[in-house]
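Using the working numbering, you'd call the opening residue of the sequence shown number 90 and step up by one each time.
Just so you know, even glycine gets a beta-carbon here, dropped at the ideal spot from N, CA and C.
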Amino acid sequence: MTWEPVIGLEIHVQLKTRTKMFCRCPVGFGAGENTQTCPVCLGFPGALPVMNRRAVEWTVKLGLALDCEIAPHAVFARKNYFYPDLPKGYQISQYDLPSCINGKVLLPTADGDRVIGIVRAHLEEDAAKTVHVGGAGGRIVGAGRSLVDYNRGGVPLVEIVTQPDLRTSDDVKRFLQLLRQTVVELGVSDAEMEKGTMRVDANVSVRPAGESELRTRWELKNMNSFTFLGRGIDAAVREQVAVYESAQEVVQETYDYDADSDTLTPHRSKEEADDYRYFPEPDLVPILPAKLLDAARELPESPAERIRRLEPAVSFATAWELVTTERDAEHDKLVAAGVEPRTAANVVRNEAAGVTIAEPAELARVIEARDRLPREVYLTAVEASAEPGFGADSYLTKEQVSDEGSLEPVVDAVLAAHPDQVAAFRGGKEGLLGFFVGQVMKETGGTANPKLVGDMLRERLQS
Ligand SMILES: [Zn+2]
């Protein structure tokens, strides 16, 4: 039987606001433990939260980029549970009235677009960071002691929940790569999995190909890179298929992926109860984003849209690479200046890699002449095109000289000036050819065609 993986994602993205979600404590790495705290984010009785306007704006902006409907009326709720990383005894989150719902993201692939539905994107505060010391693998059970750093408590997070529309770990990685690039380009988050500013949980189930209903799923947590996420998903798919094929049923479970052993281990949940007794947060007003919408609507073109725009002038693989390495803006400049798209793609990924082109029209002239230019002159010109005011003319005059008639006097003069070396060459030291070529290149200011010069020299030296 053929089994189809069914994968949905829950992604937490930490917003890079200057201050926390509901207080004015700074957000940042590297500060001493528990130094970025105040009565609000430590949950002191009587302290009142004040909404971070920037975080709300960015959530709306991100929601629009995910093609979501923006709720005209969004409400914060209290999610109640008891744990030391939550000093108030509840987390402020959005529940039944989130800011963004019903979105979709285009995922371009080599064989057509896939559309990944977005269930919701909502704003919430992060919990503090707990560190379990002395326990195996940082787990709670068996830990000697547990430490809490409240610097992270109250930092704004957007949680993005997708529909179970993904089918392979490769698509998951590509989807996350584009999502990550989208939030980075919007300027709302650094979204680095290694630093925990982007965290991904995956819901994975399998079903016989052709079946449309969802089957029991496993939730995978704590995967801190795209690679481990992909491996964790592949492991879950393998194991679930094995369960079904041995005529057993998959039981709902939460797992951690252990990269060292490439296996899934049951996740020890810190929250036993699923009933969080949500209720509206009475200390915060609802969000009515009407005024924010106009400003947020001026969205840049998304990475997926750019990939699709670059095709078919360049291949899908090239388009993907240009966009995900953020070289497509330079590519666009050259194409606008008349350079053939595939040539432009090669130039910006190779000789012009790292160059921000200041004068594309001038560089286009250089590229057009590149076959006639000495390689070094061409490369120097490409590099110089990053300077405002760069002009092609001074480089184009150094066109390669491939005209035998005009090189002849130089070649003859070089041979005449080095009789000892000529004798040595004729005596068997053929390695001296490079020396003669070098002399001719020097005399011509690097413009002579080195291959032609070599041929001319050899002809004369061997006669
Ligand atoms: Zn604070």
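The three-state reading of DSSP puts D351 in coil, since its state is none of H, G, I, E or B. Only exposed fits S495, as fewer than 16 other CB atoms lie within 10 angstroms of its CB. When the Cα atoms are used, A470 and S301 turn out to be separated by approximately 58 Å. For G243, the shortest C-beta to heavy atom distance toward ligand 1 is below 8 Å. With a threshold of 8 Å, the Cβ atom of R107 does not count as near ligand 1, since no heavy atom of the ligand is closer than that. Taking 8 Å as the cut-off, the C-beta of Q341 does not count as close to any heavy atom of ligand 1. Around ligand 1, the residues selected by a Cβ distance under 5 Å to any of its heavy atoms are C112, C114, C127, V129, C130, following chain order.
DSSP places F165 in the strand class (E or B) of the three-state scheme. Between A324 and D351, the C-beta spacing is below 9 Å. Counting along the chain, the unbroken alpha helix (DSSP H) around G523 starts and ends at 522 to 532.
Excluding its 5 nearest sequence neighbours in each direction, V466 has C-beta neighbours in its own chain below 7 Å: Y484, K487, G535, listed in chain order.
Here DSSP, grouped into helix, strand and coil, assigns I322 to helix.
In the DSSP assignment, D259 falls within the unbroken alpha helix (DSSP H) covering 258 to 275. Per DSSP, reduced to three states, the secondary structure at N435 is helical. In chain order, Y172, D174, L175, Q180, R241, G242 place their CB closer than 8 Å to the CB of A216, counting only its own chain and leaving out the 5 sequence neighbours on each side.
Remark: C-beta atoms of D290 and L196 do not approach each other more closely than 9 Å.
9 Å or more divides the Cβ of L186 from the Cβ of E213. Following the DSSP letters along the chain, one finds G206 in no alpha helix (DSSP H) but inside the beta strand (DSSP E) bounded by residues 201 to 214. Under the DSSP definition of a beta bridge, N292 partners with G97, E308. For I456, the enclosing alpha helix (DSSP H) covers residues 449 to 457.
Under the DSSP assignment, G480 falls outside any beta strand (DSSP E); it carries neither an H nor an E label. Around the Cβ of S188, a 10 Å sphere holds 16 or more other Cβ atoms; the residue is buried. The segment 155 to 170 makes contact with the segment 372 to 380: 3 or more CB pairs, one atom from each, lie closer than 8 Å.
Just measuring C-alpha positions, the residue of K262, V208, Y239 sitting nearest N191 is V208.
Looking only at V95, A385, L546, L423, the smallest Cα-Cα distance to R142 is reached by A385.
The segment 305 to 318 makes no contact with the segment 115 to 131; the number of CB pairs closer than 8 Å stays below 3. One Cα belongs to L388, the other to L423, and the distance between them is close to 23 Å. Around the CB of L104, 16 or more other CB atoms lie within 10 Å, so the residue is classed as buried.
Residue pairing of T198 in beta bridges, as defined by DSSP: G201.
Taking one beta carbon from each stretch, the segment 102 to 117 and the segment 126 to 142 have 3 or more pairs nearer than 8 Å; the two touch.
I181: member of the beta strand (DSSP E) spanning 179 to 183, first to last residue. C-alpha of P477 to C-alpha of A447: approximately 5 Å in a straight line.
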